[in-house]
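> Can you keep this structure in mind? I'll have questions shortly.
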Amino acid sequence: MEKNILVIEDDITTCMLLKQILSKENFSVDIAKDAIEGWEKATQKMFDLFIVDLNLPFGENGFEFVSRIRTNSQYKDTPIVAITAYIGIFDKDECLNKGFNYYVAKPFDIKYFANLVKDIFQQK
């Protein structure tokens, strides 16, 4: 069964990179440029994984999006990966305590990230 992934990220380059590497692993990848668009997509289609940038423009940041998505019963146990270039501002423990399951600092190794996503689905 194909897994659906929603990437919520405002950086186009990162979006295209993630879409490319995850599509090669046969995942279906949707992109949202901010939390507003991410929420709309999450209510229209069921996703098996969220990849969320912490520092999102327009409205909610990554923490606020995750807090809201966790209140939705269909997503309370869905794995969520935090991605950020702001190492030190947002630390791993803070992310894990606020609803994220995984934390990845940018720039990230492409193979590492693809393997992380495959491992997440093997654990489920």
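Plus 56 on top of the position in the sequence shown (first one is 1) and you've got our numbering.
The beta-carbon is built from N, C-alpha and C at its ideal position, and this holds for glycine as well.
Going by Cα to Cα distance, which pick from S84, A138, K101 and D109 is closest to I61?
When only C-alpha atoms are compared, the closest one is S84.
> When DSSP labels each residue in this structure, what does Y131 get in the three-state scheme?
Y131 falls in the helix class under three-state DSSP.
> Y159 and L152 - do their beta-carbons sit closer together than 9 Å?
Yes, these two residues count as a Cβ contact at 9 Å.
> Find the nearest neighbour of E96 within the set D109, T69, D104 and I125, judged by alpha-carbon distance.
Nearest option by C-alpha distance: I125.
> Can you give me the start and stop residues for the alpha helix (DSSP H) that I147 sits inside?
Note that residue 147 is Asp in the sequence shown, not Ile. Segment: none, D147 is in no alpha helix (DSSP H) and carries neither H nor E.
> Could you name the residues of the same chain whose beta carbon sits closer than 6 Å to that of E81, not counting the 5 residues immediately before and after it, in chain order?
A170.
> Taking the beta carbon of E120 as the centre, do at least 16 other beta carbons fall within 10 Å, making it buried, or is it exposed?
Counting Cβ neighbours within 10 Å, E120 comes out exposed, since fewer than 16 surround it.
> Would you please state the rounded distance, in angstroms, between the beta carbons of D90 and L112? I believe it to be under 8 Å.
Right, their Cβ atoms sit about 5 Å apart.
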